[in-house]
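For the record, in the sequence shown the residue sitting at position 84 is 84 according to full-length UniProt numbering, with numbers rising by one throughout. Even glycine gets a Cβ: it sits at the ideal position worked out from N, Cα and C. Because the structure is a prediction, the values reported are computed rather than measured. Comments concern the structure below.
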Amino acid sequence: MDYLNLPIPFVAPPPGVTPDFSHPSSRSNVAVAVCTTSLVVTFILFAVRVYARLRITRSFGYDDYTCLFAMVGSVGYTCAILLSATDGVGPHMWDLLLSSMKPSVFQKILAGQLLYPPVMLLVKLSLFLLYLRVFAVFRHIRILIFMGIAFHLILYTTSFVLEFVFCYPRRGQSFLMSFTAPSCAGDAAKLGIAQGVANIIGDFYLLLTPVPVIWKLQLSFQKKVGVTAIFMTGFLGCVTTILGLYYRVLALRSTDPTWILIPNYITSAVEINVGIMCSCMPSLPSFFRQLDSKLLRFPSLTRILSRLTRRTRRSDSTPRGAVSVRSKRSGSRTPGLKSPVREGTRFGKMFRMEIGNLQSGWSALDTRGTGMRSANSPTSSQLEKGGTGELEIRSRV
1 MDYLNLPIPF VAPPPGVTPD FSHPSSRSNV AVAVCTTSLV VTFILFAVRV
51 YARLRITRSF GYDDYTCLFA MVGSVGYTCA ILLSATDGVG PHMWDLLLSS
101 MKPSVFQKIL AGQLLYPPVM LLVKLSLFLL YLRVFAVFRH IRILIFMGIA
151 FHLILYTTSF VLEFVFCYPR RGQSFLMSFT APSCAGDAAK LGIAQGVANI
201 IGDFYLLLTP VPVIWKLQLS FQKKVGVTAI FMTGFLGCVT TILGLYYRVL
251 ALRSTDPTWI LIPNYITSAV EINVGIMCSC MPSLPSFFRQ LDSKLLRFPS
301 LTRILSRLTR RTRRSDSTPR GAVSVRSKRS GSRTPGLKSP VREGTRFGKM
351 FRMEIGNLQS GWSALDTRGT GMRSANSPTS SQLEKGGTGE LEIRSRV
């Protein structure tokens with residue numbers, strides 16, 4: 001008799017709980033919605049970054065290549081999550097049939113676990129290389145950047161190797177036996193907690209590294225706040241990392257891994273995607289500046305409405321048979337009416353005000369040969385523009 005085909009739950013349910021094999025409660029839909037949404041938003045910002053670097057600033061560099069590989073890795077990691085969430089991960093373990101837990105389920109889980117360290121390493125490398133591009137003139141910042149790269153390289157390489165050793169099936173061992181073994185169920189979970197703590201330390205290190213340099217620049221207070229705000233978007237990544245550590249601790253204590261894996265998946269995917277988003281933020285000002293200039297070439301909605309309003313007022317106030325009098329200046333009417341050209345310019349100012357919070361601080365540093373320097377920077381260094389809207393700090397040779 002084939003016992004695997006009987007309606008036997010994967011694990012025994014808690015006392016008083018009846019397994020529901022037909023319509024089990026599941027977190028799979030939440031994982032699919034959150035991971036897909038974050039990936040789509042990340043891809044849009046990544047596309048803006050690539051466009052800005054290739055077409056506007058023409059400064060595609062090493063940080064862009066690592067971000068490209070990180071984006072590919074994020075797609076792969078999200079696919080592993082979606083496949084796992086539709087193939088057994090999400091419901092309670094006692095709501096799953098023993099016959100449904102095939103080796104492919106554990107293979108997809110393992111694929112996600114092994115993809116996370118290298119993808120996170122690429123994300124952190126992209127951010128550190130962006131810092132190196134921007135703050136290369138400051139020697140102490142360069143030292144901090146290389147220290148951060150070394151720390152994350154050791155962290156994620158070690159995590160990948162240990163994850164593989166703990167959870168990959170040995171000879172004569174099935175994936176089910178491997179995942180239920182103490183090395184994977186216990187040691188790998190403890191490794192995840194240690195990795196979560198290291199992630200928090202690394203994220204705050206990455207977040208705070210450029211702040212002292214920014215506040216030493218000879219800029220107004222508002223502009224310093226604007227530049228800092230661009231880099232401080234990484235605080236959202238710190239929040240997701242803290243949440244990820246919380247759910248990793250719950251996973252270590254849980255006896256229902258298929259249920260608790262979903263929050264871990266969500267926080268890990270969002271952490272990766274937020275890191276990519278943060279690396280794309282400095283490219284947004286140049287993109288919006290070009291978008292602003294292109295939009296001003298077309299008649300604005302304000303300009304069109306103002307024309308219609310003037311025509312309506314003129315038709316109401318002018319008697320039949322009377323002739324409308326135009327002034328000699330082209331495009332303007334009687335002295336009591338506003339110029340449509342001015343209306344168009346006003347719309348341009350309104351549009352620039354909408355994105356001004358993003359551009360103000362960054363664009364303050366976007367000067368060509370102005371000689372703005374840090375209060376403690378050597379005379380051999382200068383701030384100069386590395387393209388339209390992006391900053392690079394270089395030293396004269």
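Closest by CA to residue i, which one among the options?
i, options, result
"aspartate 187", "Gln222, Trp259, Val48 and Phe166", "Phe166"
"cysteine 280", "Val30, Pro24 and Val48", "Val48"
"leucine 96", "Leu54, Thr255 and Phe21", "Phe21"
"phenylalanine 128", "Lys108, Tyr65 and Gly73", "Tyr65"
"residue 399", "Ser178, Gly202, Tyr116 and Leu98", "Not covered by the structure: residue 399. The range shown for the chain is 1 to 397."
"serine 26", "Gln290, Pro257 and Glu271", "Pro257"
"valine 105", "Ala189, Met177 and Ala269", "Met177"
"residue 401", "Met232, Phe160 and Ile200", "Residue 401 lies beyond the stretch modelled for the chain, which goes from 1 to 397, so this question has no answer here."
"threonine 240", "Trp215, Ser268 and Leu252", "Ser268"
"serine 286", "Pro24, Thr57, Pro15 and Ser28", "Thr57"
"valine 274", "Val32, His23 and Phe43", "Phe43"
"glycine 76", "Asp87, Met147, Lys108 and Tyr51", "Lys108"
"cysteine 238", "Ile230, Leu206, Leu121 and Ala52", "Leu206"
"phenylalanine 160", "Arg289, Gly88 and Gly192", "Gly192"
"threonine 180", "Gly244, Phe204, Leu110 and Leu243", "Leu110"
"alanine 189", "Leu144, Gly61, Gly244 and Met147", "Gly244"
"phenylalanine 146", "Gly202, Val50 and Tyr51", "Gly202"
"tyrosine 156", "Ala185, Gln290, Leu144 and Leu122", "Leu122"
"isoleucine 272", "Leu153, Gly61 and Ser126", "Ser126"
"cysteine 278", "Phe138, Val119, Arg289 and Ile230", "Ile230"
Roughly how many whole angstroms lie between the Cα atoms of residue i and residue j?
i, j, result
"glycine 172", "lysine 102", "17 Å"
"histidine 92", "alanine 198", "30 Å"
"isoleucine 266", "alanine 80", "12 Å"
"threonine 36", "threonine 78", "7 Å"
"threonine 228", "glycine 112", "34 Å"
"proline 19", "isoleucine 8", "9 Å"
"proline 13", "tryptophan 94", "5 Å"
"isoleucine 276", "phenylalanine 151", "19 Å"
"threonine 158", "serine 183", "16 Å"
"phenylalanine 164", "leucine 114", "7 Å"
"isoleucine 141", "isoleucine 149", "12 Å"
"threonine 345", "leucine 217", "In this prediction, threonine 345 has a pLDDT of 43, which is less than 50 and means its spatial position is unreliable; what the coordinates show is noted afterwards. When rounded, the distance between both Cα atoms is 33 Å."
"serine 254", "serine 84", "19 Å"
"valine 213", "arginine 248", "35 Å"
"alanine 136", "threonine 209", "13 Å"
"proline 263", "alanine 194", "18 Å"
"leucine 261", "glycine 90", "7 Å"
"proline 169", "phenylalanine 175", "6 Å"
"valine 11", "alanine 70", "37 Å"
"aspartate 63", "valine 41", "20 Å"
"tyrosine 131", "phenylalanine 46", "17 Å"
"phenylalanine 235", "tryptophan 259", "28 Å"
"lysine 124", "leucine 284", "19 Å"
"proline 15", "alanine 251", "21 Å"
"arginine 55", "cysteine 67", "17 Å"
"serine 363", "arginine 133", "For serine 363, the predicted structure reports a pLDDT of 46, less than 50, and the residue's modelled location is therefore unreliable. The matter cannot be settled from this model."
"valine 270", "tyrosine 246", "15 Å"
"alanine 31", "glycine 196", "20 Å"
"arginine 53", "threonine 86", "37 Å"
"serine 99", "isoleucine 200", "39 Å"
"glycine 88", "leucine 39", "22 Å"
"isoleucine 143", "leucine 153", "15 Å"
"methionine 120", "glutamine 290", "32 Å"
With which residues is residue i paired in a DSSP beta bridge?
i, result
"leucine 97", "Pro9"
"phenylalanine 91", "Reading off the sequence shown, one finds proline at residue 91, where the question assumed phenylalanine. In the DSSP output, where bridge partners are listed per residue, proline 91 has Ser26."
Does DSSP put residue i in a helix, in a strand, or in coil?
i, result
"phenylalanine 179", "helix"
"valine 72", "helix"
"glutamine 173", "coil"
"aspartate 20", "coil"
"phenylalanine 60", "coil"
"tyrosine 168", "coil"
"proline 15", "coil"
"threonine 78", "helix"
"threonine 86", "coil"
"lysine 328", "Note that lysine 328 scores a pLDDT of 45, beneath 50, so its modelled location is shaky and nothing firm can be said."
What do you reckon, is the C-beta of residue i under 7 Å from a heavy atom of the ligand PLP?
i, result
"threonine 258", "With respect to the ligand PLP, the structure shown offers nothing to examine, as it has no ligands at all."
>> My parser needs the alpha helix (DSSP H) runs of 4 or more residues fully inside the region 209 to 265; what are they?
In response: Secondary structure in the region 209 to 265: the alpha helix (DSSP H) runs of 4 residues or longer, each lying completely within the stretch, are 211 to 216, 221 to 231 and 235 to 253 in chain order.
>> At 4 residues or longer, what runs of the alpha helix (DSSP H) sit wholly inside the region 103 to 139?
In response: Assignment of alpha helix (DSSP H) within the region 103 to 139, counting only whole runs of 4 or more residues, yields 103 to 135 in chain order.
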